[in-house]
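Converting from the sequence shown to this note's numbering requires adding 21 to each position, the first position being numbered 1. Backbone N, C-alpha and C fix where the C-beta goes; we use that ideal spot for every residue, glycine too. Below: one structure, written as structure tokens.
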Amino acid sequence: MKEFKVTYFFDETHYIRRFIHMESQDNAEKLIQSERDQYISFQDSRGIYHELHTRNVRVIQISEYHRIDKTKKHD
């Protein structure tokens, strides 16, 4: 399972990020496309609950995310 970062941009300075786990980028894109013009809800990485209507989003970006464990020391 891969992790993808989905960023919903409302304008030049306002956005929300969501992380999803899918088998491929193609599957992640299909999920985002299936959510067009409807309400979606999710918790962000800080545990904050969001509801948004995708009709109000100007741009959506999807990219594979490679999480870095910040608890480990790097020598």
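Cα-Cα, which of the options is closest to residue i?
i      : options                           : result
Glu-50 : Glu-72, Ile-69 and Ser-84         : Ser-84
Gln-64 : Asp-32, Lys-93 and Arg-38         : Arg-38
Phe-25 : Ser-55, Glu-44 and Asp-32         : Glu-44
Arg-88 : His-42, Gly-68, Thr-34 and Arg-57 : His-42
Going by the beta-carbon positions, is the gap between residue i and residue j smaller than 9 Å?
i      : j      : result
Phe-30 : Arg-79 : yes
Gln-59 : Lys-23 : no
Phe-40 : Tyr-70 : no
Under 7 Å Cβ to Cβ from residue i, same chain only, skipping five residues before and after it: list those, please.
i      : result
Ile-53 : Val-27, Ile-81 and Ile-83
Ile-61 : Leu-73 and Thr-75
Asp-32 : Arg-79
Asp-90 : none
How far does the alpha helix (DSSP H) with residue i in it extend, from its first residue to its last?
i      : result
Lys-51 : 46 to 55
Near residue i, which residues of its chain fall below 8 Å by C-beta distance, leaving aside the five closest residues on each side in sequence?
i      : result
Ser-66 : Arg-38 and Phe-40
What is the residue span of the beta strand (DSSP E) that residue i lies within?
i      : result
Ile-85 : In the sequence as displayed, the identity of residue 85 is Glu instead of Ile. From DSSP, the beta strand (DSSP E) with Glu-85 extends over 80 to 85.
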